[in-house]
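In my numbering, the protein residues as written are 1 to 128. Below is one structure, written out as structure tokens; the observations come after it.
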Ligand code: SF4
């Protein structure tokens, strides 16, 4: 019996968790591992992912994935602090790269408060 590990025959991608609002959050959980990272940035930092970075990230991330499903996970801080327009830009940026049999999924890891309205608008609009 061969004890060599078998190479996987299915393509595997990488999984990136993007933080478009950096460590900004509207909660202050005692156990938070990330909110303290604000201290690593200089004064005047707005923590928001720029449109240029968003465009490059979407394009390069999709191009780097050999899998039929590409998951975009937005975390924070609180990602919905970016606002509805940001997530519309995400969808708009993904559309040229969506192909038949290729599913692009957006997951918003939302735990903060005050932006439930944005989350509901995203869901209701079907991310159009
Ligand atoms: S909701 Fe999440 S990001 Fe915000 S303070 Fe709590 S653990 Fe940190």
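Virtual Cβ for every residue (Gly too), placed ideally from N, Cα, C. Quantities reported herein were computed from a predicted structural model and do not represent experimental measurements.
Let me check you understand the geometry: is the CB of residue i closer than 7 Å to at least one non-hydrogen atom of the ligand SF4?
i          : result
residue 39 : no
residue 18 : no
residue 61 : no
residue 35 : yes
residue 83 : no
residue 42 : no
residue 77 : yes
residue 28 : yes
Beta carbon of residue i, beta carbon of residue j: below 8 Å?
i          : j          : result
residue 37 : residue 76 : no
On the CB-based measure, 16 or more other CB atoms within 10 Å of its CB, does residue i come out buried or exposed?
i           : result
residue 25  : buried
residue 41  : exposed
residue 103 : exposed
Looking only at its own chain, which residues have a Cβ that is under 8 Å from the Cβ of residue i, when we skip the five neighbours before and after it?
i           : result
residue 61  : 16, 70, 72
residue 93  : 54, 55, 58, 59
residue 28  : 35
residue 107 : 71, 72, 73, 74
residue 109 : 17, 73, 74, 75, 76, 79
Looking only at its chain, what residues have a beta carbon closer than 6 Å to the beta carbon of residue i, apart from the 5 residues adjacent to it on each side?
i           : result
residue 82  : 20, 21
residue 23  : 34, 35, 37, 38, 77
residue 49  : 20
residue 128 : The predicted model places residue 128 with a pLDDT of 49, which falls under 50 and marks its position as unreliable, so this point remains unresolved.
Could you tell me the distance, in whole angstroms, from the CA atom of residue i to the CA atom of residue j?
i          : j          : result
residue 78 : residue 85 : 15 Å
residue 89 : residue 95 : 10 Å
residue 65 : residue 91 : 17 Å
residue 51 : residue 31 : 31 Å
residue 68 : residue 47 : 32 Å
residue 43 : residue 98 : 39 Å
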